[in-house]
Amino acid sequence: MSFSVNVLAKIAIELQSGIGHQDRFQRLITTLRQVLDCDASALLRYETRQFIPLAIDGLASDVLGRRFALEAHPRLEAIARAGDVVRFPADSDLPDPYDGLIPGQETLKVHACIGLPLFAGQNLIGALTLDGLVPDQFDTFSDEELRLIAALTAGAFNNALLIAQLENQNILPAAAPAFEKAAHTEMIGLSVGMTQLKKEIEIVAASDLNVLIGGETGTGKELVAQAIHQGSARSANPLIYLNCAALPESVAESELFGHVKGAFTGAISHRSGKFEMADKGTLFLDEIGELSLALQAKLLRVLQYGDIQRVGDDRSLRVDVRVLAATNRDLREEVLAGRFRADLYHRLSVFPLLVPPLRERGEDVILLAGYFCEQCRVRLGLTRVALSQRAHALLLTYAWPGNVRELEHAIHRAIILARAERPGDNIVLEAHHIAQQGAPERPVQESQSVAPTPNLRHATEDFQRTVIHQALTQNGHNWAASARALDIDVANLHRLAKRLGVKP
Ligand SMILES: Nc1ncnc2c1ncn2[C@@H]1O[C@H](COP(=O)(O)OP(=O)(O)OP(=O)(O)O)[C@@H](O)[C@H]1O
Ligand SMILES: [Mg+2]
Numbered sequence: 001m002s003f004s005v006n007v008l009a010k011i012a013i014e015l016q017s018g019i020g021h022q023d024r025f026q027r028l029i030t031t032l033r034q035v036l037d038c039d040a041s042a043l044l045r046y047e048t049r050q051f052i053p054l055a056i057d058g059l060a061s062d063v064l065g066r067r068f069a070l071e072a073h074p075r076l077e078a079i080a081r082a083g084d085v086v087r088f089p090a091d092s093d094l095p096d097p098y099d100g101l102i103p104g105q106e107t108l109k110v111h112a113c114i115g116l117p118l119f120a121g122q123n124l125i126g127a128l129t130l131d132g133l134v135p136d137q138f139d140t141f142s143d144e145e146l147r148l149i150a151a152l153t154a155g156a157f158n159n160a161l162l163i164a165q166l167e168n169q170n171i172l173p174a175a176a177p178a179f180e181k182a183a184h185t186e187m188i189g190l191s192v193g194m195t196q197l198k199k200e201i202e203i204v205a206a207s208d209l210n211v212l213i214g215g216e217t218g219t220g221k222e223l224v225a226q227a228i229h230q231g232s233a234r235s236a237n238p239l240i241y242l243n244c245a246a247l248p249e250s251v252a253e254s255e256l257f258g259h260v261k262g263a264f265t266g267a268i269s270h271r272s273g274k275f276e277m278a279d280k281g282t283l284f285l286d287e288i289g290e291l292s293l294a295l296q297a298k299l300l301r302v303l304q305y306g307d308i309q310r311v312g313d314d315r316s317l318r319v320d321v322r323v324l325a326a327t328n329r330d331l332r333e334e335v336l337a338g339r340f341r342a343d344l345y346h347r348l349s350v351f352p353l354l355v356p357p358l359r360e361r362g363e364d365v366i367l368l369a370g371y372f373c374e375q376c377r378v379r380l381g382l383t384r385v386a387l388s389q390r391a392h393a394l395l396l397t398y399a400w401p402g403n404v405r406e407l408e409h410a411i412h413r414a415i416i417l418a419r420a421e422r423p424g425d426n427i428v429l430e431a432h433h434i435a436q437q438g439a440p441e442r443p444v445q446e447s448q449s450v451a452p453t454p455n456l457r458h459a460t461e462d463f464q465r466t467v468i469h470q471a472l473t474q475n476g477h478n479w480a481a482s483a484r485a486l487d488i489d490v491a492n493l494h495r496l497a498k499r500l501g502v503k504p
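Oh and the sequence shown: position 437 is 437 in UniProt numbering, straight run, nothing missing.
Take a look at the structure:
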């Protein structure tokens with residue numbers, strides 16, 4: 001079989017229809033999977049030596065959050081280098097990035113695999129990947145046909161990129177700039193809240209306003225500060241970090257403003273403060289809510305007059321610094337309670353940003369989980385790290401009081417646990433790997449709209465009980481069969497059931 005005119009027409013039409021780029025690409029990928037009869041298809045964007053999935057079909061939803069670095073993915077590197085259709089032999093020993101990520105086929109490896117690099121002129125802008133579980137599945141397609149599909153897609157894709165650039169829209173996930181640790185700065189998330197936040201970041205970055213970044217612990221305030229700096233006209237100059245919580249009163253002033261030799265005992269030489277270091281750049285004052293009232297007054301002075309005085313020096317020094325401040329406290333309340341100066345609060349909060357808690361970001365939890373799985377996979381040299389269906393469900397039901405940081409740690413620990421349970425480099429995270437962990441010892445933050453977060457262990461034990469009950473019911477209370485269905489060792493199931501009180 002080769003493609004009919006109808007097939008090509010259908011692809012061309014999908015590329016013109018749809019509301020917005022995301023929708024159009026999703027339609028394209030779904031159509032390709034149907035008409036080419038593959039088990040999985042994906043459209044990836046290429047940037048800064050990594051492939052970023054934009055639309056997927058037939059793959060686990062956490063793939064959208066994964067970032068595939070060329071260094072870690074020989075197959076994708078081959079596609080990036082090829083300049084033309086790449087057909088991988090069914091027995092290729094290059095691992096496929098989607099191995100084990102086709103739902104329902106977690107234990108199967110991808111067999112047939114084709115990569116189509118997408119170009120704009122000489123520049124690689126992305127790739128289409130087609131995967132199948134049957135080795136000779138794609139043999140009937142000719143290279144000419146595949147090239148035609150690649151050319152159609154590349155044209156539409158390049159237009160979308162250009163339009164997004166013109167509109168300066170943040171619709172396509174932006175890879176981090178080439179400088180600095182690229183992999184660490186991207187903000188993963190497609191939820192309404194995160195899309196809105198990214199737009200606000202873009203707007204405020206271009207202004208030179210001071211920004212107050214609020215949000216619960218672990219929501220990503222530091223990433224927001226980095227994104228603002230990187231998106232600003234100051235990005236070529238330094239972003240200086242200062243944690244106000246870790247600032248003993250005795251050295252705080254010198255940390256901020258510097259000191260001259262002999263200013264105090266121990267000031268054996270001249271030292272620049274953070275404000276001087278951040279000149280023409282950005283100063284990020286983390287945990288600003290912890291700053292003493294005395295230092296708040298000094299900070300206010302700098303913001304008002306743009307000059308600083310080093311400790312022990314009468315002269316003042318002009319500095320050109322943009323201040324970004326972050327806090328997980330409600331600063332308005334702090335002002336009312338007399339712990340934070342109202343005038344400083346107003347100076348800082350000209351443009352307040354609020355980073356939404358993870359529990360309000362819906363499916364972003366899955367994308368982030370995929371992102372952290374892939375990061376860990378590379379760091380630990382594993383072949384694959386996939387999430388089971390039940391793990392997906394658990395991730396979505398838990399409230400994550402520690403937000404993204406808690407999720408990141410939960411995934412790391414789950415991988416270590418899973419590997420200890422079943423050594424090897426092929427890991428599937430089950431709900432109990434994520435659940436076996438105690439909640440971090442920190443008080444749950446109360447919020448008006450959300451029910452108090454249950455303790456992680458209790459919540460996950462409840463979940464485990466439900467799942468075990470369900471498995472037993474479905475398997476006529478046969479423990480061996482239930483253990484198989486749950487994919488755990490039968491002895492472990494007995495132990496777990498006993499501990500959870502499912503079994504007397
Ligand atoms: N959207 C995101 N995409 C990818 N990683 C994220 C995202 N948000 C947060 N992270 C990661 O989660 C961790 C916590 O983020 P960060 O340190 O910025 O939180 P925070 O709001 O400053 O927390 P705290 O108030 O406790 O200081 C970091 O490792 C960060 O890289
Ligand atoms: Mg922080």
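Note that the Cβ used here is the ideal one computed from N, Cα and C, for glycine as well.
For this session: Please indicate yes or no: does the CB of residue 371 lie closer than 7 Å to some heavy atom of ligand 1?
Result: Against the sequence shown, residue 371 aligns to sequence position 371. Residue 371: yes, Cβ under 7 Å from ligand 1.
Exercise. By Cβ distance below 6 Å, which residues in the same chain neighbour residue 356 in space, the five residues on each side in sequence not counted?
Worked result: As a position in the sequence shown, residue 356 is number 356, starting the count at 1. Closer than 6 Å at Cβ, skipping near neighbours: 193.
Problem set entry | Cβ neighbours of residue 395 in the same chain (closer than 8 Å, five flanking residues each side left out) | For the purposes of this step, residue 395 is taken as residue 395 along the sequence shown, with counting starting at 1. Here the set comprises 365, 366, 369, 387, 407, 434.
Exercise. Who are the Cβ neighbours of residue 335 in its own chain at under 7 Å, not counting the five residues just before and after it?
Worked result: Mapped onto the sequence shown, residue 335 falls at position 335. Answer for residue 335: 342, 345, listed in chain order.
Exercise. Residue 282 bridges to which residues according to DSSP?
Worked result: The sequence position of residue 282 within the sequence shown is 282, counting from 1. According to DSSP, which records beta bridges pairwise, residue 282 is partnered with 239, 322.
Exercise. Name the DSSP bridge partner or partners of residue 131?
Worked result: Walking along the sequence shown from the start, residue 131 turns up at place 131. DSSP lists 40, 113 as partners of residue 131.
For this session: Please report the Cβ distance between residue 120 and residue 154, rounded to the nearest whole angstrom; I am assuming they are in contact, meaning their Cβ atoms lie under 8 Å.
Result: By one-based count along the sequence shown, residue 120 stands at place 120. By one-based count along the sequence shown, residue 154 stands at place 154. About 7 Å separates the two Cβ atoms, so the contact holds.
Exercise. In the structure shown, what three-state DSSP assignment does residue 478 receive?
Worked result: Numbered from 1 along the sequence shown, position 478 holds the residue referred to as residue 478. Looking at residue 478 - three-state DSSP - the assignment turns out to be coil, as it is neither helix nor strand.
Problem set entry | Any non-hydrogen atom of ligand 1 closer than 7 Å to residue 192 Cβ | Translated into the one-based positions of the sequence shown, residue 192 becomes position 192. Result no, Cβ not under 7 Å from ligand 1.
For this session: Give the secondary structure of residue 17 by DSSP, where H, G and I count as helix, E and B as strand, and everything else as coil.
Result: Here residue 17 corresponds to residue number 17 of the sequence shown, with the count starting at 1. It is coil, neither helix nor strand.
Exercise. Quick check: the segment 9–24 against the segment 78–98, are there 3 or more CB pairs under 8 Å?
Worked result: no
Exercise. Skipping 5 residues on each side, what residues in its chain have a beta carbon closer than 7 Å to that of residue 449?
Worked result: As a first step, residue 449 must be located in the sequence shown, where it is residue number 449. For residue 449, the predicted model reports a pLDDT of 39, less than 50, meaning its position is unreliable and no value from the coordinates is stated.
For this session: Answer yes or no: the CB of residue 222 versus the heavy atoms of ligand 2, is any distance below 7 Å?
Result: In the sequence shown, the residue the question calls residue 222 occupies position 222. It does: the Cβ of residue 222 is within 7 Å (strictly closer) of some heavy atom of ligand 2.
For this session: Have a look at residue 275 and residue 319 and give me their C-alpha separation to the nearest angstrom.
Result: The count along the sequence shown starts at 1 and reaches residue 275 at position 275. The count along the sequence shown starts at 1 and reaches residue 319 at position 319. For residue 275 and residue 319, the gap between their C-alpha atoms comes out near 7 Å.
Exercise. Among residues of its own chain, excluding the 5 on either side of residue 69, which ones have a beta-carbon nearer than 6 Å to its beta-carbon?
Worked result: One-based indexing of the sequence shown puts residue 69 at position 69. 50, listed in sequence order.
Exercise. Comparing the CB of residue 237 with every heavy atom of ligand 1, is any distance shorter than 7 Å?
Worked result: For this step, residue 237 is matched to residue 237 along the sequence shown. Not under cutoff, so the answer is no.
For this session: Compute the distance between the beta-carbons of residue 347 and residue 303, then report whether it is under 8 Å.
Result: In the sequence shown, the residue the question calls residue 347 occupies position 347. In the sequence shown, the residue the question calls residue 303 occupies position 303. Yes, the pair counts as a contact, with Cβ atoms nearer than the cut-off.
For this session: Could you check what DSSP says for residue 305 in three-state terms: helix, strand or coil?
Result: Counting from one through the sequence shown, the residue named residue 305 turns up at place 305. Residue state, collapsed to three classes: helix.
Exercise. Residue 426 and residue 383 look like a contact to me (Cβ under 8 Å); what is the Cβ gap, rounded to whole Å?
Worked result: Numbered from 1 along the sequence shown, position 426 holds the residue referred to as residue 426. Numbered from 1 along the sequence shown, position 383 holds the residue referred to as residue 383. Contact flag correct, Cβ pair sits at about 5 Å.
Exercise. Is residue 58 closer than 8 Å to residue 114 when the C-beta atoms are compared?
Worked result: If you number the sequence shown from 1, residue 114 lands on position 114. If you number the sequence shown from 1, residue 58 lands on position 58. No, these two residues do not count as a Cβ contact at 8 Å.
Exercise. Which of helix, strand or coil does DSSP assign to residue 50?
Worked result: Numbered from its first residue, the sequence shown carries residue 50 at position 50. If DSSP states are grouped into helix, strand and coil, residue 50 belongs with the strands.
For this session: Please determine, among 255, 259, 391, the residue with the shortest C-alpha to C-alpha distance to residue 463.
Result: The residue given as residue 463 occupies position 463 in the sequence shown. Per the Cα distances, 391.
For this session: Reducing DSSP to helix, strand and coil, say where residue 340 ends up.
Result: Translated into the one-based positions of the sequence shown, residue 340 becomes position 340. Residue state, collapsed to three classes: coil.
For this session: Report the residue from 228, 210, 164 whose alpha carbon sits nearest the alpha carbon of residue 187.
Result: The residue you call residue 187 lines up with position 187 of the sequence shown. Ranking the options by Cα distance to residue 187, first place goes to 228.
Exercise. Excluding five sequence neighbours on each side, which residues of the same chain lie with their C-beta closer than 7 Å to the C-beta of residue 411?
Worked result: Indexing the sequence shown from 1 puts residue 411 at position 411. Excluding the 5 residues flanking it on each side, residue 411 has same chain C-beta neighbours closer than 7 Å at 369, 372, 373, 376, in chain order.
For this session: Starting from the Cα of residue 262, find the closest Cα among 211, 311, 53, 324 and give me that residue.
Result: For this step, residue 262 is matched to residue 262 along the sequence shown. Ranking the options by Cα distance to residue 262, first place goes to 311.
For this session: Sort out for me which residues DSSP pairs residue 367 with in a bridge.
Result: By one-based count along the sequence shown, residue 367 stands at place 367. BP columns for residue 367 are empty, so no partner.
Exercise. Grouping DSSP H, G and I as helix and E and B as strand, with all else coil, what is residue 163?
Worked result: Working through the sequence shown from its first residue, we reach residue 163 at position 163. If DSSP states are grouped into helix, strand and coil, residue 163 belongs with the helices.
Exercise. Residue 313 to residue 338, Cα distance in whole Å?
Worked result: As a position in the sequence shown, residue 313 is number 313, starting the count at 1. As a position in the sequence shown, residue 338 is number 338, starting the count at 1. Distance between the alpha carbons of residue 313 and residue 338: 31 Å.
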